[in-house]
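Working notes, structure below.
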Amino acid sequence: MNPAITISNLSHSFGKRHVLRHLSFSVEKGIFFTIIGPNGSGKTTLMKLMAGIFKPQKGQLSILGLSNRSYTPKALARAVAFVPQRLPVDLPFSVGEAVLLGRAPYQGALGIEREKDLEIASQAMQFTEVDHLSSLNIGQLSGGEQQRVFIARAICQEPEIMLLDEPTAALDLAHQVKVMDLMEKLKIEKDITVVMVSHDVNLAAMYGDQVLLLKDGEVVCLGTPAEVLSFRKLEETYACKLLVDESPLGGFPRVTLVPGRFMDSKN
Amino acid sequence: MLHTIIWQIRLPRVLLATLVGATLSLGGLVFQALLRNLLAEPYILGISGGSAIGAIAGILLGFTRFPGVSLTAFLGSIATLVLILVMTSGQSVLKKESLLLSGVMVNAFCSSVIMFLVSLTQDSRLHNIIFWLMGDLSTADIRQVGLLAGMLLPCFILIFWQSHAMNLLLMGKEMAQSTGINIKAVTITLLVTSSFMVSVTVSYCGLIGFVGLVMPHLLRLIFGPDHRILVPACILGGGAYLVICDLLARTLPEQGEMPAGVITALIGAPLFILLLKRSER
């Protein structure tokens, strides 16, 4: 079976700034794959390459066993859906209309909706629990609800791979758990490969089957949360003091930040 | 006599006003969707001004109105478009301020180039240049209107074909692209088509401003944000709007008439300020 995403020797630069250097790894199908790393490590660039927003400059990127170049934009949109970090919250459409826009890869140029499109959009809204908001405007919703609306829109593309860039960044604790649970449900119930970029190493540890740790555009480590989130690797990569122990929930590591005032007494 | 007035003077003029109003209104709608800015409009952006420079240059070079002057007007509009895109490049969402500033600067530059060209020549062909610059629909003749329709109608169809892509573009370039839109192709098609339409109408009847601001705004209030409805609505509504403006321009003065552009600016400029004020809140 082909992996969901295969990347080999991928490099990317903006002008003279090398953002990604010779990346090689693959993402197996049906897993929750998280990408973590310090600011400027190239996480978002990597995700935009996977989403087809940037074209690979050097190296290979394959989606479901086919080179990224061999996809038409529509065919790629049927395989990969993307939820960016900054959502278009000023979109003038209602929630229902916005979700329905996700059906575009299956429609003609004018996007005439058939019965099936409406049904899929309605199921997607039920899945992310925003169906009761269908007639409201996007701007009227809370951050967590907006995030769930755009995940529903992405589900409408019926993708095999779902990419999310920092989906929990602007959310309070309850909404963070709700959105993360939703992505786990996507993996389990819909068999979608979920790839998430996050700054929150603990969320990555709690939900990720695999964690990719990036620094300066290179792979530091790829493996299970327990393998990647080790004390030494994290301290070296993030260059700050951390404690790593096992989560009280069991089965995955827990990372604790160490405030500066504790440093002197320890040394 | 009456027959002649209706068929040879009034009808071509009404048809011309309809075509030009539809074009300018549609042009506004397209630029608003592409730049994700409700204040964008061919006249405000300076695209119309660039076309006017091209048109005047064409007239001075002694070209005929078709195809020569239309072609130089088109080149002028494309040059302005490139200038605006370069000035505002590197911004994912075009900021209101920088868009307006660059528009004001491009417009100021265009006006001075136009005055420069005008002052260079004593040419009698430029006798009515000021009148023409303010937007004049009085020169209509039925054959030219037919020719104009032949150039504009295919543009309308092409833009209607992209109307759902314009809906998707409202989500931002990245999300639109990941939903299967070929951003480059759609953007270039829309920019070139609408610049072409606008420059053709400018070379015909000068600068008529704010139609592309007033009509899309009004029609959005009535029909909502779906471009598949807004494109035909702008064609019909924009056409009707300019016919009415031209009627006012023809009947309001006690003697003679004034350019239709005066009326559209009298209505449009206050609305523009109102919209700007409201969007700041």
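Line by line, the protein sequences give chains V and W. So that you can map any letter, position 177 of the first sequence is 177 in our numbering, and since no number is skipped, the others follow by simple counting. So that you can map any letter, position 7 of the second sequence is 7 in our numbering, and since no number is skipped, the others follow by simple counting. C-beta atoms are modelled at their ideal positions from N, C-alpha and C, and glycine is treated no differently. The structure presented is a predicted model; accordingly, all values stated were derived computationally and were not measured.
TODO: Using three-state DSSP, classify threonine 64(W) as helix, strand or coil.
DONE: DSSP places threonine 64(W) in the coil class of the three-state scheme, outside both helix and strand.
Task: Against chain W: residues of the region 93–124 of chain V by CB proximity under 7 Å - done: Those residues of the region 93–124 of chain V placed with their C-beta closer than 7 Å to a C-beta in chain W are Phe93, Leu101, Gly102, Ala104, Pro105, Ala109, Leu110, Gly111, ordered along the chain.
Task: Neighbouring residues, chain V, relative to proline 225(W) (Cβ below 7 Å) - done: Those within 7 Å of proline 225(W) in chain V are Pro92, Phe93.
TODO: Put histidine 12(V) into one of helix, strand or coil per three-state DSSP.
DONE: Reduced to three states, the DSSP call for histidine 12(V) is strand.
Open item on the list: Just to confirm my understanding: we take serine 247(V), look at its own chain, exclude 5 residues before and 5 after, and list those with CB closer than 6 Å. What are they?
Closed with: Hits under 6 Å: Arg254.
Open item on the list: Can you confirm whether isoleucine 53(V), when its beta carbon is compared against all beta carbons of chain W, has any partner nearer than 8 Å?
Closed with: Yes, its Cβ sits closer than 8 Å to a Cβ of chain W.
Task: Reduced DSSP secondary structure (H/G/I, E/B, other) of asparagine 37(W) - done: In the structure shown, asparagine 37(W) sits in coil (DSSP, three-state: anything other than H, G, I, E or B).
Open item on the list: Runs of 4 residues minimum, wholly inside the region 20–72 of chain V: which ones carry the alpha helix (DSSP H) assignment?
Closed with: Fully enclosed alpha helix (DSSP H) runs of 4 or longer: 43–50.
Task: Integer-rounded CB distance, given that leucine 242(V) should sit under 8 Å from leucine 249(V) - done: No, leucine 249(V) and leucine 242(V) are not in contact; Cβ-Cβ is about 19 Å, not under 8 Å.
- [ ] For the region 179–199 of chain W, enumerate the residues whose C-beta is nearer than 8 Å to any C-beta of chain V, in chain order.
- [x] When CB distances to chain V are screened at a threshold of 8 Å, the residues of the region 179–199 of chain W falling below it are Thr179, Gly180, Ile181, Asn182, in chain order.
Task: 8 Å Cβ cutoff met for isoleucine 161(V) and isoleucine 5(V) - done: Yes, they are a contact pair.
TODO: Sort out for me which residues DSSP pairs glutamate 218(V) with in a bridge.
DONE: Glutamate 218(V) pairs with Lys215(V).
Open item on the list: With distance defined between alpha-carbon atoms, name the residue in Ile56(W), Gly58(W), Ala52(W), Leu99(W) nearest to serine 77(W).
Closed with: Of all alpha-carbon atoms in Ile56(W), Gly58(W), Ala52(W), Leu99(W), the one lying nearest the alpha-carbon of serine 77(W) is that of Ala52(W).
Open item on the list: Assess contact between the region 201–208 of chain W and the region 258–266 of chain W, defined as three or more Cβ pairs (one per stretch) separated by less than 8 Å. Is contact present?
Closed with: The region 258–266 of chain W and the region 201–208 of chain W touch, with three or more beta-carbon pairs separated by less than 8 Å.
Task: Partners in chain V for glutamate 174(W), counting only beta-carbon separations shorter than 8 Å - done: What glutamate 174(W) touches in chain V: Lys48, Ala51, Ile53, Phe82, Pro84.
TODO: Output, in sequence order along the chain, the residues in the region 8–37 of chain W whose CB is closer than 9 Å to any CB in chain V.
DONE: Listed in sequence order: Arg36.
Task: Cα-Cα separation between methionine 50(V) and lysine 16(V), rounded to whole angstroms - done: C-alpha separation (whole angstroms): 22 Å.
Open item on the list: Measuring straight from C-alpha to C-alpha, what distance separates leucine 81(W) and glycine 172(W)?
Closed with: C-alpha separation (whole angstroms): 20 Å.
- [ ] Note down, in chain order, each residue of its chain lying with its Cβ closer than 6 Å to the Cβ of lysine 116(V), except the 5 sequence neighbours on either side.
- [x] Excluding sequence neighbours, lysine 116(V) sits near nothing in its chain.
Task: Local Cβ density within 10 Å of leucine 76(V), reported as buried at 16 or more and exposed below that - done: When all chains shown are included, leucine 76(V) counts as buried.
Task: For threonine 264(W), the three-state DSSP class (helix, strand or coil) - done: Three-state DSSP puts threonine 264(W) in a helix.
Task: Length of the line joining the Cα atoms of histidine 18(V) and glycine 217(V) - done: Their backbone Cα atoms lie some 8 Å apart in a straight line.
Task: Chain-ordered chain V contacts of methionine 171(W) [CB-CB under 7 Å] - done: Going along chain V in sequence order, the residues near methionine 171(W) (Cβ under 7 Å) are Pro88, Leu91, Leu101.
Task: Alpha carbon of glycine 143(V) to alpha carbon of glycine 256(W), nearest angstrom - done: Approximately 59 Å, taken between the alpha carbons.
Open item on the list: To the nearest angstrom, how far is the alpha carbon of lysine 43(V) from that of leucine 163(V)?
Closed with: About 12 Å.
Open item on the list: Using beta carbons (cut-off 8 Å, strictly below), is serine 73(V) in contact with chain W?
Closed with: According to the sequence provided, residue 73(V) is proline. The question's serine does not apply to it. The beta-carbon of proline 73(V) is placed less than 8 Å from the nearest beta-carbon of chain W.
Task: chain V residues whose Cβ lies nearer than 9 Å to that of leucine 168(W) - done: Residues of chain V passing the Cβ test: Leu101, Ala104, Gly111.
Task: Span of the beta strand (DSSP E), counted from its first residue to its last, around threonine 193(W) - done: For threonine 193(W), there is no enclosing beta strand (DSSP E); the residue is found in the alpha helix (DSSP H) stretching over 183–205.
Task: is_contact[alanine 79(V), chain W] using C-beta, thresh 8 Å - done: Residue contact check for alanine 79(V) against chain W: no CB pair falls below 8 Å.
Open item on the list: For the alpha helix (DSSP H) containing glutamate 184(V), name the first residue and the last one.
Closed with: Boundaries of the alpha helix (DSSP H) around glutamate 184(V): 173–190.
Open item on the list: Taking its Cβ as the centre, do 16 or more other Cβ atoms sit within 10 Å of leucine 229(V), making it buried, or is it exposed?
Closed with: By the neighbour-count definition (other C-beta atoms within 10 Å, threshold 16), leucine 229(V) is a buried residue.
Open item on the list: Three Cβ pairs or more, each shorter than 8 Å: is that satisfied between the region 57–73 of chain V and the region 129–144 of chain V?
Closed with: Contact between the region 57–73 of chain V and the region 129–144 of chain V is absent: fewer than 3 CB-CB pairs across the two stretches fall below 8 Å.
TODO: Quickly, what does DSSP pair arginine 78(V) with across the bridge? List them, please.
DONE: In the DSSP output, where bridge partners are listed per residue, arginine 78(V) has none listed.
TODO: Can you give me the start and stop residues for the alpha helix (DSSP H) that aspartate 245(V) sits inside?
DONE: Aspartate 245(V) -> not in any alpha helix (DSSP H); beta strand (DSSP E) instead, spanning 242–246.
- [ ] Say whether chain V places a C-beta atom closer than 8 Å to the C-beta of arginine 278(W).
- [x] Answer no: the Cβ-Cβ gap between arginine 278(W) and chain V never drops below 8 Å.
Task: Assigned exposure category for lysine 266(V) - 16 Cβ within 10 Å defines buried - done: At lysine 266(V), the pLDDT of 49 sits below 50, so the modelled position is not reliable; the number obtained from the coordinates is stated separately. That one is exposed.
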